[in-house]
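Peer 1: Structure provided below as structure tokens; questions to follow.
Listed below in structure tokens is the structure:
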């Protein structure tokens, strides 16, 4: 079974973020980066499937040279080879052009299964995986927490709302987006790290028609959550007056009675 | 092609005092490969995810859990990192091993456990074990199936290790040794399977042995220690314990060579672990200082706290610089060495540097722990917060692997040994300097231009002061110098600061060459502050030692030279420390 895992590099969770000058993204200069969390779980599922059924795991990531860190980490954990879609501006693409570039980079691979995280921890659109499936003409399932690929079909368990789950049967090839926290991610062993040095990383450049043109969507402004709640002190030290004001507010503003 | 392989240039240990180095010549963390960084990340993940959450259980002496953690560490390759491939290890470079050590330092107790397992309890077998012993033990140690310990110290012989009373006697049929005696303060003593034990054959031939746990080998009760409570420390009683002759390490009577060489490794490793520990403590302290509000603002915004945070970062950065510069020297000397002898010579060459690292890093680590407690204030004194444990854990580093007093005396001692054997042209250099000092026309030091020109000049001056005090001591005491402990310790402090000043200047200059001055501004600040403070310390130590060794006109001449060498205009270290702290505060972690 050939499995492709799409992985994104995102800003470190612990990083203190600063908004850039035109308020359209964060300052990237002094950021440290890490693997998008749910993509890490997607890789783990792929490696487990390979261990069970044999085959190959190919990791694919997109962005400037710094994303090599994500690729090498995946290779050290056990992926067999990698495709790097190279370009400095690619991390800023909206979901559709991003999915186009990714889909074209992996189309020729004819994978049996494509896996990725359910969303990225930076933009959080949750769209890129689904659009890749559409562009490649594949069925997809989202928010997958368990899967069985023991015959030529796929059985996947999806997480719904309110503690509900759904088992879902679908044909292969297919694309799955994987939920975080569903397994224990393996470490990159020192042996794996050294072995990764010899694994292939193929660089591809997206053609401009994939990523240029008028964007379907763009970020116009980003900002830190604004404080919308304010503490009010009632009564000005007079408990009786405060109680009366509170009762009035509960009746007219909160409308609890 | 030449039939004779080109001889590799090995920089003599201690030569930093008399030779000039360029920034490109020294190894720094900026030279790590991607693989080194990934090894660091794997180790960090392992320690943070598996070990640190288990601290409380380990502190309750759950040694089964310690065994499991060692096995897990082994699966990741963290124990076999420097074990040769033919014996089940990975055979990676020394840098990889040092990186693992540094990250292990994030858990003081487990770092101690693993320091025995993959350091002092293992290295003697790699370097001195017979082929049979290596085949038998190394693969199982690499796999974490066998736990090791190192048993040198006895109740009556600590720093004076050769005074050990434990005995070993060859059996009548010559097939095995019978050991008797008592050992003290044995890390992993409570649950180790295999021990490296030192004992005297025929009452006087100090020798090393591999001994397996057996009925005659009894572990004492766990010691009630001040810190690193999550590591096992017990006494060990050997009562007619036997071990086959192939478990002899090296030769009969050559145990001192093993004990002292292994301590060089141990001292180096201790330094790298302290480095990791310091960075974690700084991260915790910065986070706390950012979160804790008093007078309506985070305490990190106050100058008093900023000064502390900055100094903590400076000590950590300079310490790390020392560790990796020395590592580069060791790596160069032992990579490609054909046999154990050659490799051992490689590390022995840098015995003085290893002692510098041991003393400097353990004292910086203690400083950082102490300031961490202070930043946490009342919470720093509570066992419910991390500072209290860090403070207790840190203290042992100044004691084990040779006390800092012993190591201080070793620093000038080892350098003089190299000088007297002619390996290091120190004496001619010292003589030349003394002639210069005593001549009426002492020339001014060259005025350099460029990045860190002043600091580079101060570092050069520091080396001259070291040479001047050492030269004066040799002239005055000749072979009786070894008995002048106060003078030796003062000179050691000067040498340590001189090595640290030069190393940090070179590292910063190397950084500037790669990423430019603007990107390196925070590092340049650190080097400036460190060098200006260090030259003050050096001046004080030099005055004390010179006044202890000479008097009258001679003393006045030496002090005049000292003033000349250390002449400088103070810089605004207050503002520089604020800038250094602001970087930490903004990043909310150790960001150097």
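Residue numbers (this note's numbering), protein chains in the order written: chain A, 1 to 257; chain B, 1001 to 1592.
By construction, the Cβ of each residue, glycine as well, lies at the ideal position given by its N, Cα and C atoms.
Every value quoted in this text rests on a predicted model; they were computed, and no experiment measured them.
(1) With residue 170 of chain A as the anchor, note down where its alpha helix (DSSP H) starts and where it stops.
(2) So for residue 1578 of chain B, helix, strand or coil by DSSP?
(3) In chain A, which residues lie less than 7 Å from residue 1034 of chain B when you measure between Cβ atoms?
(4) Which value, in whole angstroms, describes the spacing of the CA atoms of residue 1408 of chain B and residue 1240 of chain B?
(5) Interface residues of chain B around residue 121 of chain A at Cβ under 9 Å?
(6) Would you say residue 1005 of chain B reaches chain A, if we count a Cβ-Cβ gap shorter than 8 Å as a contact?
(7) When you compare each of A/97, A/63, A/95 and A/105 to residue 86 of chain A by their alpha carbons, which one comes out closest?
(8) Under 7 Å Cβ-Cβ, which residues of chain A neighbour residue 1587 of chain B?
(9) Could you say which of B/1077, B/1237, B/1245 and B/1178 lies nearest to residue 293 of chain A if we only look at CA atoms?
(10) Starting from residue 118 of chain A, trace the alpha helix (DSSP H) in both directions and tell me its first and last residue.
(11) Closer than 7 Å, Cβ to Cβ, to anything on chain A: give me those residues from the region 1036-1064 of chain B, in chain order.
(12) Run through the region 1309-1334 of chain B for me and flag every whole beta strand (DSSP E) of 3 or more residues, listed as ranges in chain order.
(13) Does the distance from the CB of residue 1316 of chain B to the CB of residue 1364 of chain B come in under 8 Å?
(14) What are the boundary residues of the alpha helix (DSSP H) that residue 1103 of chain B is part of?
(15) Would you list, in chain order, the members of the region 1267-1295 of chain B that have their beta-carbon closer than 9 Å to a beta-carbon of chain A?
(16) For a test of the three-state rule: what should DSSP assign to residue 1001 of chain B, helix, strand or coil?
(17) Three-state secondary structure (DSSP) at residue 1134 of chain B?
(18) Kindly indicate which three-state DSSP category residue 1178 of chain B falls into: helix, strand or coil?
(19) Would you kindly report the start and end of the unbroken alpha helix (DSSP H) that includes residue 259 of chain A?
(20) Roughly how many angstroms lie between the CA atoms of residue 134 of chain A and residue 120 of chain A, to the nearest whole one?
(21) Compute the Euclidean distance between the alpha carbons of residue 210 of chain A and residue 99 of chain A, then round it to the nearest angstrom.
(22) Identify which residue in B/1201, B/1104, B/1288 and B/1586 has its Cα closest to the Cα of residue 1251 of chain B.
(23) My guess is that residue 1289 of chain B and residue 1299 of chain B are in contact by the Cβ rule of under 8 Å, so how many angstroms apart are they, rounded?
(24) What does the alpha-carbon distance come out to for the pair residue 61 of chain A and residue 1027 of chain B?
(25) Suppose the cutoff is 8 Å on Cβ atoms and the five residues either side in sequence are ignored; what does the same chain contact list for residue 3 of chain A look like?
(26) Using 10 angstroms around the beta-carbon of residue 243 of chain A, count the other beta-carbons present and answer buried if the total reaches 16, otherwise exposed.
(27) CA-CA distance, residue 237 of chain A and residue 37 of chain A?
(28) Taking the Cβ atom as the reference point for each residue, do residue 199 of chain A and residue 171 of chain A lie within a distance shorter than 8 Å?
(29) Using a Cβ-Cβ cutoff of less than 8 Å, which residues in the same chain neighbour residue 1005 of chain B once the five nearest sequence positions on both sides are dropped?
(30) Could you run through the region 184-214 of chain A and flag, in chain order, every residue whose CB is less than 7 Å away from some CB of chain B?
(31) Is residue 1308 of chain B buried or exposed, if buried means 16 or more other CB atoms sit within 10 Å of its CB?
(32) Based on the DSSP secondary-structure assignment, which residues constitute the bridge partners of residue 148 of chain A?
(33) At a CB distance below 9 Å, what residues from the region 49-77 of chain A approach chain B? Give them in sequence order.
(34) Verify whether the separation of the beta carbon atoms of residue 1210 of chain B and residue 1175 of chain B is less than 8 Å.
(35) In the DSSP assignment, what residue or residues form a beta bridge with residue 9 of chain A?
(36) Run down chain A in chain order and give the residues with a C-beta less than 7 Å from the C-beta of residue 1077 of chain B.
Peer 2: Result, derived from the coordinates:
(1) Premise fails: residue 170 of chain A lies in the beta strand (DSSP E), 165-171, not in any alpha helix (DSSP H).
(2) helix
(3) 72
(4) 38 Å
(5) Under the 9 Å cutoff, chain B gives no residues; its nearest Cβ is about 18 Å from residue 121 of chain A.
(6) A caution first: residue 1005 of chain B carries a pLDDT of 45, below 50, which makes its placement in the model unreliable, though a value can still be read off. Not closer than 8 Å to any Cβ of chain A, the Cβ of residue 1005 of chain B fails to qualify, so no.
(7) A/63
(8) 16
(9) Examination of residue 293 of chain A is not possible in this model, given that chain A is present from 1 through 257 alone.
(10) Per DSSP, residue 118 of chain A belongs to no alpha helix (DSSP H) and is neither H nor E.
(11) 1038, 1039, 1042, 1045 and 1046
(12) none
(13) yes
(14) 1094-1104
(15) none
(16) Because residue 1001 of chain B carries a pLDDT of 41, less than 50, the predicted location of this residue cannot be relied on, and no value is offered for it.
(17) helix
(18) strand
(19) The structure shown does not extend to residue 259 of chain A, since chain A is modelled only from 1 through 257, so no value can be given for it.
(20) 19 Å
(21) 9 Å
(22) B/1201
(23) 5 Å
(24) 32 Å
(25) 46, 49, 50, 55, 56, 57, 58, 111, 112, 113, 114 and 115
(26) exposed
(27) 50 Å
(28) no
(29) Since pLDDT at residue 1005 of chain B reaches only 45, below the 50 mark, its modelled position is unreliable, and the value read off the structure follows with that caveat. Excluding sequence neighbours, residue 1005 of chain B sits near nothing in its chain.
(30) 187, 188, 189, 190, 191, 193, 194 and 197
(31) buried
(32) A/155
(33) 68, 69, 72, 73 and 76
(34) no
(35) A/35
(36) 189, 190 and 191
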